[in-house]
Amino acid sequence: MRANLLLGIAFSGFAVANCKPTEPAGHKWQAAKRGDSRSPCPMLNSLANHGWLPRDGKNIDLPMIQSVFDEAMGFDQDVFIGITEAALAVSTTGNSSTFNLQDTAYHNAIEHDGSLSRNDIFFGDNLHFNPLIWIATAARYGIRIPGKSSVISVETAARARAARVEDARRFNPAFNLTQAGLTASYGETSVLMTAFWDEQAGGAPKEYVRVLFEEERIAYLEGFKKGQHSLADLVSMIGAIQAVKV
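Per mature numbering (1 follows the signal peptide of the UniProt record, and there is no 0), the sequence shown runs over residues -19 to -1, 1 to 227.
This is the structure:
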């Protein structure tokens, strides 16, 4: 009897251990290598680091974006048509149907002043992760602040976005957030919140967001599972972000 009980406990422990979240088969995270192309967008970079997009970040086309965001993040295929067309318009590949991730750093095409984790182009590098800018954003999200909620609410996300734009406006003498840039700013925060939204908790888990920005990794190991998100869902989130008084 005792032996059977111990055996049952052992098998239970084995089952629990094997239920730990894992990365999808064929999509193990790998850091970018020298010569790989990366963007100012942590989500695009994460998708390349997991091999959903080409790991070298090059020669990406619209059908690829559509299938990847569907398969990896659960977005319907009509969601990212416009933003992909903007990337294709500044492509350096020599093929108007493809772009490299770094092409999206072209200022005021997609990239804009007031990024949540990148510096403004006036200061020289609008492509790479900037720890100081991210520290301010993370603090506004309440990441690593004891006693705070484990999720980022719509209100918190909206105020963090607005505060970062105001920082850029104050410190960048050449600050220029165009209407297209403002639309992108709202859109980026809304994509982030929509992709990671936990309906029961009423927000996006902070750990998922931290991993995305700091490690350029999708938080599979932390438990992320894709939902299903339509263009209407994203538009609704944009409206909710815009409606917050900041």
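All residues carry an ideal CB built from backbone N, CA and C; glycine is no exception.
query                                                                                                                                                                       : result
Which residue marks the beginning of the alpha helix (DSSP H) containing Tyr122, and which one marks its end?                                                               : Pro112 to Tyr122
Helix, strand or coil for Ala155, going by three-state DSSP, please let me know.                                                                                            : coil
Could you pull out every residue in the same chain whose Cβ sits closer than 7 angstroms to the Cβ of Ser98, ignoring the five residues on either side in sequence?         : Pro23, Phe110, Asn111, Ile114, Trp115, Thr118 and Phe194
Suppose the cutoff is 7 angstroms on Cβ atoms and the five residues either side in sequence are ignored; what does the same chain contact list for Phe80 look like?         : Ile41, Ala68, Leu69, Ser72 and Thr74
Return the first residue and the last residue of the alpha helix (DSSP H) that Ala224 is part of.                                                                           : Leu212 to Ala224
Measure the alpha-carbon distance for Asp59 versus Leu212 and round it to whole angstroms.                                                                                  : 7 angstroms
Please report the straight-line C-alpha distance between Leu202 and Ile219, rounded to a whole angstrom.                                                                    : 28 angstroms
With the cut-off set at 8 angstroms, would you say Arg191 and Ile124 are in Cβ contact?                                                                                     : yes
Between which two residues does the alpha helix (DSSP H) holding Asn81 run?                                                                                                 : Element bounds for Asn81: n/a, residue is neither H nor E.
Beta-carbon separation of Leu108 and Pro21 under 8 angstroms?                                                                                                               : yes
Rounding to the nearest angstrom, what Cα-Cα distance links Ser171 and Cys(-1) in this structure?                                                                           : 31 angstroms
Per DSSP, which residues does Val132 bridge with? Please list them.                                                                                                         : Pro186
What is the DSSP secondary structure of Ile91, counted as helix, strand or coil?                                                                                            : coil
When DSSP labels each residue in this structure, what does Ile62 get in the three-state scheme?                                                                             : helix
Nearest to Phe61 by CA position, among Ser18, Val227, Ala200 and Leu215, is which residue?                                                                                  : Leu215
Please list, in chain order, all residues of the same chain as Gly184 whose beta carbon is under 6 angstroms from its beta carbon, the five residues on each side excluded. : Val132, Ile133 and Ser134
Which whole-angstrom value is the C-beta distance of Lys207 and Ala53, which I expect to be below 8 angstroms?                                                              : 7 angstroms
Rounded to whole angstroms, what's the CA-CA distance from Asp84 to Arg140? Just pull it up for me.                                                                         : 29 angstroms
State the Cα-Cα distance for the pair Ala13 and Gly32, rounded to the nearest angstrom.                                                                                     : 10 angstroms
Short of 7 angstroms in beta carbon distance, which residues of its chain neighbour Lys129, apart from the five on each side in sequence? Order them along the chain.       : Gly123
How long is the line joining the alpha carbons of Asp94 and Leu163, rounded to whole angstroms?                                                                             : 9 angstroms
If distances are taken between C-alpha atoms only, which option among Gly38, Glu136 and Arg121 comes closest to Val225?                                                     : Glu136
Beta-carbon within less than 6 angstroms of Leu43's beta-carbon, same chain only, minus the 5 sequence neighbours each way: which residues are those?                       : Thr65
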